[in-house]
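To start, the structure under review is shown below, and the notes come after it.
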Amino acid sequence: MEEKEGDGFAMILEEEDWIRKAQQGDTNAMGQLFKHHYSFLYKYLLKITMDQNVAEDTAQDTVIRCMENLQRYNGTSSFSSWMITIATRLYIDRTRKRKREKRWLEEEHQRSVRRLRWQMERQGEEWTDLLDGLAGLSEEHRIAILLKHYYGYSYEEIGGMLGIPEGTVKSRTAYGIKQLRKELKKDGEQA
Amino acid sequence: MANKPDKEDEVLLEGLSRDLERLERVFDEGPSPSLEEFQLLAAHTLRRKRRRMKYELVLFMLTALLIVSIVCMAAMAAPMVLILIHGASMLAGIAILASSRKLRSAGKKGSHE
């Protein structure tokens with residue numbers, strides 16, 4: 001346990017060193033920093049988008065955006081939080097721009113969810129009704145639930161990340177959970 | 001209004017967390033560029049950023065030069081008009097500064113920490 005804590009602390013110090021050097025223009029340190037965080041970023045985007053291709057595209061855009069704006073990172077939040085804030089806003093902007101193609105997007109989203117389901121089942125993991133319900137939520141509700149109840153951010157932090165009032169975050173998470181419960185009951189009745 | 005999740009919600013959210021952890025495990029070996037690719041990307045991004053900043057600086061200098069040239073020409077042609085415009089702009093600037101300070105201090109009183 002102490003060894004793990006020691007490793008964790010060493011990792012934090014190493015990350016701070018990478019950040020400091022990267023902000024001074026050291027591309028090797030910058031590469032190390034983003035290589036270290038990429039998996040976390042990709043998995044976060046996979047959960048909020050429920051689409052492997054969109055997750056990958058958005059992850060790449062996020063890395064570039066973060067590299068361009070690394071000077072603005074001031075350490076008030078963790079680097080991963082800063083990064084996923086940028087990622088979330090990029091994804092929201094992307095969905096807003098594409099709202100005109102709503103019908104096509106819905107069909108594409110269903111195809112992506114089926115692909116995700118297939119990937120999971122291929123590896124012997126069950127695609128549950130909960131995951132189905134989560135995929136069926138709108139992006140804003142899904143993001144709110146994930147950030148609050150999976151990643152453990154406070155309502156205030158989420159509000160800051162998304163640029164919305166705390167009250168809106170609360171109502172989105174509550175609505176999202178209510179929708180999930182409704183979906184589970186519906187699937188339970190159909191079974 | 002959202003209250004703390006009740007027992008049913010807690011069970012639901014625990015189940016969801018477990019499912020999401022399984023999803024993460026399946027995609028643990030997701031597509032990730034190599035370290036070298038990240039370093040090349042970093043070098044390219046920084047180069048592009050420097051080029052863009054140089055371009056923006058040149059554009060700014062040219063625009064500033066153009067504006068200053070126009071103002072100087074106008075000053076030589078009609079000095080009184082320039083003095084009037086300059087004076088009016090200063091007064092407007094002071095008024096805007098004073099009212100924005102009032103707005104900011106009113107905003108601070110109403111904001112949450």
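Line by line, the protein sequences are chains L and X. Counting from 1, one number per residue, gives the positions in the first sequence under the UniProt record's numbering. Counting from 1, one number per residue, gives the positions in the second sequence under the UniProt record's numbering. For every residue, glycine included, the Cβ atom is placed at its ideal position computed from N, Cα and C.
- In the DSSP assignment, residue 32 of chain L falls within the unbroken alpha helix (DSSP H) covering 27 to 49.
- DSSP, read as helix, strand or coil, puts residue 137 of chain L in coil.
- Only those residues of the UniProt domain "RNA polymerase sigma-70 region 4" (134 to 182) of chain L whose C-beta falls short of 7 Å from the nearest C-beta of chain X are listed: 134, 149, 150, 170, 171, 173, 174, 177, 180, 181.
- Chain X places a beta carbon closer than 8 Å to that of residue 30 of chain L, counting this residue as a contact.
- The residue from L:97, L:176, L:123, L:37 with its alpha-carbon nearest to that of residue 26 of chain X is L:123.
- X:35 is the residue among X:90, X:35, X:89, X:22 whose C-alpha sits nearest the C-alpha of residue 27 of chain L.
- At a beta-carbon threshold of 9 Å, none of the residues of chain X lie near residue 88 of chain L; the nearest stands roughly 16 Å away.
- Inter-residue distance for residue 71 of chain X and residue 109 of chain L is about 57 Å (C-alpha atoms, whole angstroms).
- For residue 91 of chain L, the uninterrupted alpha helix (DSSP H) segment begins and ends at 79 to 97.
- Within the segment 5 to 27 of chain X, the residues whose Cβ lies closer than 8 Å to some Cβ of chain L are 5, 8, 9, 12, 13, 15, 16, 17, 19, 20, 22, 23, 24, 25, 26, 27, listed in chain order.
- The C-beta of residue 128 of chain L comes closer than 8 Å to at least one C-beta of chain X.
- The beta carbon of residue 144 of chain L sits closer than 7 Å to the beta carbons of 158, 169, 172, 173, 176 from its chain, once the five residues preceding and following it are set aside; these are given in chain order.
- For residue 148 of chain L, there is no enclosing alpha helix (DSSP H), as DSSP gives it neither H nor E.
- At a cut-off of 8 Å between beta carbons, residue 120 of chain L contacts chain X.
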